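Visitor: Please read through the structure below; I'll follow up with questions.
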Amino acid sequence: KEPRAWWKEAVIYQIYPRSFMDANGDGIGDLAGITSRLPYLRELGVDVLWLSPIYASPNDDNGYDISDYRAIMEDFGTMADFDALLAAAHRMGLKIVMDLVVNHTSDEHPWFIESRRAKESPYRDYYIWRPGKAGKEPNNWESCFSGSAWQYDAATDEYYLHLFSKKQPDLNWENPKVRDEVYDLMKFWCDKGIDGFRMDVISMISKDQRFPDGPVKPDGYGDFSPYCVSGPRVHEFLQEMNRRVLSHYDLLTVGEAAGVTIEEAKKYARSDGKELGMVFQFEHVGEGNGKGSIIEKWTTGKPEMPKVRAILNKWQRELAGCAWNSLYLDNHDQPRCVSMFGNDSPKWRVRSAKMLATCLHMQKGTPYIYQGEELGMTNTRFHSLADCRDLEEINAWHQYVDEQKRVSPETMLACFNNVARDNARTPMQWDASENAGFTTGTPWLAVNPNYREINAAAETGDPDSVYAYYKKLIALRHTHEIIVYGTFEPLLEDDPAIYAYARHLDGQTLLVACNWTDHEVPCTLFSDRGEGEELISNVKTEKERTLAPYEARAVLYGKAEA
Ligand code: TEU
Ligand code: CA
Numbered sequence: 008k009e010p011r012a013w014w015k016e017a018v019i020y021q022i023y024p025r026s027f028m029d030a031n032g033d034g035i036g037d038l039a040g041i042t043s044r045l046p047y048l049r050e051l052g053v054d055v056l057w058l059s060p061i062y063a064s065p066n067d068d069n070g071y072d073i074s075d076y077r078a079i080m081e082d083f084g085t086m087a088d089f090d091a092l093l094a095a096a097h098r099m100g101l102k103i104v105m106d107l108v109v110n111h112t113s114d115e116h117p118w119f120i121e122s123r124r125a126k127e128s129p130y131r132d133y134y135i136w137r138p139g140k141a142g143k144e145p146n147n148w149e150s151c152f153s154g155s156a157w158q159y160d161a162a163t164d165e166y167y168l169h170l171f172s173k174k175q176p177d178l179n180w181e182n183p184k185v186r187d188e189v190y191d192l193m194k195f196w197c198d199k200g201i202d203g204f205r206m207d208v209i210s211m212i213s214k215d216q217r218f219p220d221g222p223v224k225p226d227g228y229g230d231f232s233p234y235c236v237s238g239p240r241v242h243e244f245l246q247e248m249n250r251r252v253l254s255h256y257d258l259l260t261v262g263e264a265a266g267v268t269i270e271e272a273k274k275y276a277r278s279d280g281k282e283l284g285m286v287f288q289f290e291h292v293g294e295g296n297g298k299g300s301i302i303e304k305w306t307t308g309k310p311e312m313p314k315v316r317a318i319l320n321k322w323q324r325e326l327a328g329c330a331w332n333s334l335y336l337d338n339h340d341q342p343r344c345v346s347m348f349g350n351d352s353p354k355w356r357v358r359s360a361k362m363l364a365t366c367l368h369m370q371k372g373t374p375y376i377y378q379g380e381e382l383g384m385t386n387t388r389f390h391s392l393a394d395c396r397d398l399e400e401i402n403a404w405h406q407y408v409d410e411q412k413r414v415s416p417e418t419m420l421a422c423f424n425n426v427a428r429d430n431a432r433t434p435m436q437w438d439a440s441e442n443a444g445f446t447t448g449t450p451w452l453a454v455n456p457n458y459r460e461i462n463a464a465a466e467t468g469d470p471d472s473v474y475a476y477y478k479k480l481i482a483l484r485h486t487h488e489i490i491v492y493g494t495f496e497p498l499l500e501d502d503p504a505i506y507a508y509a510r511h512l513d514g515q516t517l518l519v520a521c522n523w524t525d526h527e528v529p530c531t532l533f534s535d536r537g538e539g540e541e542l543i544s545n546v547k548t549e550k551e552r553t554l555a556p557y558e559a560r561a562v563l564y565g566k567a568e569a
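If you count the sequence shown from 1, position 129 lands on 136 in the numbering used here, and the numbers rise without skipping.
See the structure below:
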């Protein structure tokens, strides 16, 4: 039997603080804003809040570039505000998980300022410095945010590595002093009483020290991933982190692991608890890449259900009994799931959002809800680059549209409207008042114009809303052990429209079937089994042998063994 853990039984809610709730009218969400909305979250029924980074930061990448790990970002408030939030959350039975960004710091972190000063600096080896090769970058790696992953620094005539923006220099994990610093700052937060960490790109902390060129991509740069993703010492480092810090507390830990394979995931999230609790894998959210594709993630294509299903079922099968899955469709880096995987037209938005939620939440693993997902919030529309705030979008535009002229502005905007990260970052839609009740000032990123119709105030009072449906899904997970610990059995794996599976525990079976299309399809799964207890469905009058467009149904069969 599966070893039990509180974080396996929990539902996590991700907050992007900049866009959640602005308490002081400066247009930027803040900690006091989060505290003011705790009753909403409690009512929804989630157990844990994961906060995207709230540390001091010059905000090149909205807090994923940290300049002081022990201070709160000025825009968000003070340490007193944080202590108040943590205490209030704990009083309400809500746990708090912090984002831990330690693959890189900000270039404005004192360590880096000192590191770049001189080759003799005691902080030089906190980062990754290399001399140029024949007057050029040390190798061909491309940064995730366009351009070379190496930045020349004239002060010492060397280059530093940045897998992300040039304001996010990578830390040198080979240096034991760096690891000591990281473990110390983690203890600082653990001793405050936080409940866990979501670890940013933790799969990339160990680099192949030979720094070889990577396979050349269509844009001419090289791919660093063979040498940085799940690099040579990553498991050694995480086991050390576990020994030194994690094992001394009772924490939820989830490693963000873009590019991770199942074999690697089994090591990161090994059930003996020697590394992390879970990882975020990226295969299913990357399924649309390459379709109508312009360049890598920049695409106008949509994922295909059979492929998404094959990926998710593979993860369910392979991790069974040896590691724990995390379940997500949305986060602050992804387009809105109802726009990407569902159908955000007025006719089907509500029903398809509920269908996706059913499909995900009845699987085995810990579900993550991203703010606004529980309202069925959709992608927004960008009319020009001026509407965008994310450095990934801005840099990609400059590289592909302005410099390389490989993509027209119109096409790039179409890609942005489909997959840009700012789709997820528009302010939370609280009510129908101006700026969606998010701020009394001017929001840092425009609200989605559909907020007058799609907002929390409208949905919390409506029993048929997406919100009410999420609330029910969360409650079901808390009352039915089979949803948490039941084994997973894929069904109808060749069906072009239906994603179906069964869960089994102690003589009971839970059948789940979800129609991912906008037309009615035949389905005899339920009629073949006879009487059961319907746990949830998103359609009022069901037909016995078909599923309506975007219908989802979950039915429980059998009596639990004592
Ligand atoms: O994301 C890392 C990552 O691998 C991606 O998902 C990637 O940033 C993005 O989607 C590019 O398309 C993490 C954070 O979640 C992201 O917000 C940060 O920008 C990034 O790390 C750097 O810290
Ligand atoms: Ca504010």
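A virtual CB, placed ideally from N, CA and C, is assigned to each residue, including glycine. Remember, it's a predicted structure, so these values are computed and weren't measured experimentally.
1) Run through the DSSP bridge pairs and tell me what Phe495 is partnered with.
2) Since Gln515 sits in a beta bridge, which residues does DSSP pair it with?
3) In this structure, how does DSSP classify Phe83 when only helix, strand and coil are distinguished?
4) Is Asn69 near ligand 3, in the sense that its beta carbon is under 7 Å from a heavy atom of that ligand?
5) At what residues does the beta strand (DSSP E) containing Asp570 begin and finish?
6) Starting from the N-terminal end, write out each residue whose C-beta falls within a distance shorter than 5 Å of any non-hydrogen atom of ligand 2.
7) If the criterion is Cβ atoms closer than 8 Å, does the pair Tyr557 and Ser352 meet it?
8) So, at 6 Å on beta carbons, what are the nonlocal neighbours of Leu192 in its own chain, with the 5 sequence-adjacent residues on each side left out?
9) From which residue to which residue does the alpha helix (DSSP H) around Ile481 run?
10) Hey, quick one: how far does the beta strand (DSSP E) through Ile376 stretch, first residue to last?
11) Given the structure, does His339 come close to ligand 1, in the sense that its CB is under 7 Å from one of the ligand's heavy atoms?
12) What number of angstroms, rounded off, separates the C-alpha of Glu243 from the C-alpha of Asp90?
13) Considering Cα atoms alone, identify which of Glu417, Tyr508, Asp525 and Arg123 is closest to Phe533.
14) Please determine if the segment 322–330 and the segment 274–285 are in contact, where contact requires at least 3 C-beta pairs separated by less than 8 Å.
15) By the three-class DSSP mapping on this structure, what secondary structure does Ser544 have?
16) Give me the residue from Met80, Asp54, Val53 and Leu56 with the minimum Cα distance to Tyr66.
17) Below 8 Å between beta carbons: does that hold for Gly592 and Leu259?
18) Taking only runs that begin and end inside the segment 345–392, name each unbroken alpha helix (DSSP H) of 4 or more residues, in chain order.
19) Quick one: Cα of Cys530 to Cα of Phe204, how far?
20) Who are the near neighbours of Ile301 in its chain, counting only those whose CB is closer than 7 Å to its CB and skipping five residues on each side?
21) Please report the distance separating the alpha-carbon of Glu441 from that of His487.
22) For Ser573, which three-state DSSP category applies?
23) Quick one: using the 10 Å Cβ neighbour count with 16 as the cut-off for buried, is Thr449 buried or exposed?
24) With DSSP collapsed to three states, give me the class of Glu16.
25) Would you check if there are 3 or more beta carbon pairs closer than 8 Å linking the segment 135–148 to the segment 83–101?
26) Confirm, please, whether the CB-CB distance from Val345 to Gly308 is below 8 Å.
27) Would you kindly report the start and end of the unbroken alpha helix (DSSP H) that includes Tyr47?
28) Among Pro145, Thr548 and Phe152, which has the Cα closest to the Cα of Tyr159?
29) To the nearest angstrom, how far is the alpha carbon of Lys361 from that of Ser254?
30) Which residue comes first and which comes last in the alpha helix (DSSP H) that contains Phe204?
31) Does any heavy atom of ligand 1 sit closer than 7 Å to the C-beta of Phe445?
32) Mind checking whether Asp317 and Phe287 have CB atoms under 8 Å apart?
33) Let me check you understand the geometry: is the CB of Arg428 closer than 7 Å to at least one non-hydrogen atom of ligand 1?
34) Assuming Glu527 and Leu51 are in contact, meaning their beta carbons sit under 8 Å apart, how far apart are those beta carbons, in whole angstroms?
35) Measuring from the CB of Lys304, is there a heavy atom of ligand 1 at a distance below 7 Å?
36) What I want to know is whether the C-beta of Asp207 ends up closer than 7 Å to one or more non-hydrogen atoms of ligand 1.
Guide: Checking against the coordinates, here is how it stands:
1) One-based indexing of the sequence shown puts residue 495 at position 488. According to DSSP, Phe495 bridges with Arg510.
2) Residue mapping note: residue 515 aligns to position 508 of the sequence shown, counting from 1. Note: Gln515 sits in a beta bridge opposite Leu512.
3) For the purposes of this step, residue 83 is identified with residue 76 of the sequence shown, where counting begins at 1. In the structure shown, Phe83 sits in a helix (DSSP, three-state: H, G or I).
4) As for ligand 3, it is missing from this structure, which binds only ligand 1 and ligand 2.
5) There is simply no residue 570 to check, as the chain begins at 8 and stops at 569 in what is shown.
6) Working through the chain, the matches are Asp29, Asn31, Asp33, Ile35 and Asp37.
7) Your numbering for residue 557 matches position 550 in the sequence shown. Your numbering for residue 352 matches position 345 in the sequence shown. Not closer than 8 Å, so no.
8) Locating residue 192 in the sequence shown gives position 185, where the first residue counts as 1. Excluding positions up to five away in sequence, the list reads Tyr76.
9) Indexing the sequence shown from 1 puts residue 481 at position 474. Note, Ile481: alpha helix (DSSP H), Val473 to Thr486.
10) As a position in the sequence shown, residue 376 is number 369, starting the count at 1. Run containing Ile376: Thr373 to Tyr377, per the beta strand (DSSP E) assignment.
11) On the sequence shown, residue 339 is found 332 positions in, with the first residue counted as 1. Yes, the Cβ of His339 comes within 7 Å of a heavy atom of ligand 1.
12) One-based indexing of the sequence shown puts residue 243 at position 236. One-based indexing of the sequence shown puts residue 90 at position 83. Using only the alpha carbons, I get a separation of about 33 Å.
13) Counting from 1 along the sequence shown, the entry for residue 533 is found at position 526. The residue with the shortest Cα to Cα distance from Phe533 is Tyr508.
14) yes
15) Position 537 of the sequence shown, counted from the start, is the residue given in the question as residue 544. Of the three classes helix, strand and coil, the one that applies to Ser544 here is strand, per DSSP.
16) Taking the sequence shown and counting its residues from 1, the one referred to as residue 66 is at position 59. The sequence given here places Asn at residue 66; Tyr does not occur at that position. Of the candidates Met80, Asp54, Val53 and Leu56, the one whose C-alpha sits nearest the C-alpha of Asn66 is Met80.
17) The first residue shown for the chain is 8 and the last is 569, placing residue 592 beyond what the model contains.
18) 356–368
19) For the purposes of this step, residue 530 is taken as the residue at position 523 of the sequence shown. For the purposes of this step, residue 204 is taken as the residue at position 197 of the sequence shown. Rounded to whole angstroms, Cys530 to Phe204 spans 42 Å at the Cα level.
20) Here residue 301 is taken as the residue at index 294 of the sequence shown, counted from 1. Within the same chain, Ile301 has close Cβ partners Val414, Thr418 and Cys422.
21) Taking the sequence shown and counting its residues from 1, the one referred to as residue 441 is at position 434. Taking the sequence shown and counting its residues from 1, the one referred to as residue 487 is at position 480. Spanning the two alpha carbons is a distance of roughly 41 Å.
22) The chain is shown from 8 up to 569; residue 573 falls before or after that span and cannot be answered.
23) As a working note, residue 449 is residue 442 in the sequence shown. The residue is exposed, with fewer than 16 neighbouring Cβ atoms inside 10 Å.
24) Working through the sequence shown from its first residue, we reach residue 16 at position 9. If DSSP states are grouped into helix, strand and coil, Glu16 belongs with the helices.
25) Because the criterion of three Cβ pairs below 8 Å is not met, the segment 135–148 and the segment 83–101 do not touch.
26) If you number the sequence shown from 1, residue 308 lands on position 301. If you number the sequence shown from 1, residue 345 lands on position 338. Not in contact: Gly308 and Val345 (Cβ atoms no closer than 8 Å).
27) Mapped onto the sequence shown, residue 47 falls at position 40. Its alpha helix (DSSP H) spans residues Leu45 to Leu51.
28) As a position in the sequence shown, residue 159 is number 152, starting the count at 1. Nearest option by C-alpha distance: Pro145.
29) Sequence index remark: in the sequence shown, residue 361 carries index 354 (1-based). Sequence index remark: in the sequence shown, residue 254 carries index 247 (1-based). Their Cα atoms are separated by approximately 38 Å.
30) In the sequence shown, residue 204 corresponds to position 197, counting from 1. No alpha helix (DSSP H) contains Phe204, which is instead part of the beta strand (DSSP E) from Gly203 to Met206.
31) The residue you call residue 445 lines up with position 438 of the sequence shown. Checking every heavy atom of ligand 1 against the Cβ of Phe445, none is found closer than 7 Å.
32) Here the question's residue 317 lines up with position 310 in the sequence shown. Here the question's residue 287 lines up with position 280 in the sequence shown. The question names Asp, but residue 317 is Ala in the sequence shown. For Ala317 and Phe287, no; Cβs fall outside 8 Å.
33) Taking the first residue of the sequence shown as position 1, residue 428 is located at position 421. For ligand 1, at least one heavy atom lies less than 7 Å from the Cβ of Arg428.
34) Taking the first residue of the sequence shown as position 1, residue 527 is located at position 520. Taking the first residue of the sequence shown as position 1, residue 51 is located at position 44. Contact doesn't hold; Cβ gap of about 32 Å is too wide.
35) Within the sequence shown, the letter at position 297 stands for residue 304. It does: the Cβ of Lys304 is within 7 Å (strictly closer) of some heavy atom of ligand 1.
36) One-based indexing of the sequence shown puts residue 207 at position 200. Because some heavy atom of ligand 1 lies under 7 Å away, the Cβ of Asp207 counts as near it: yes.
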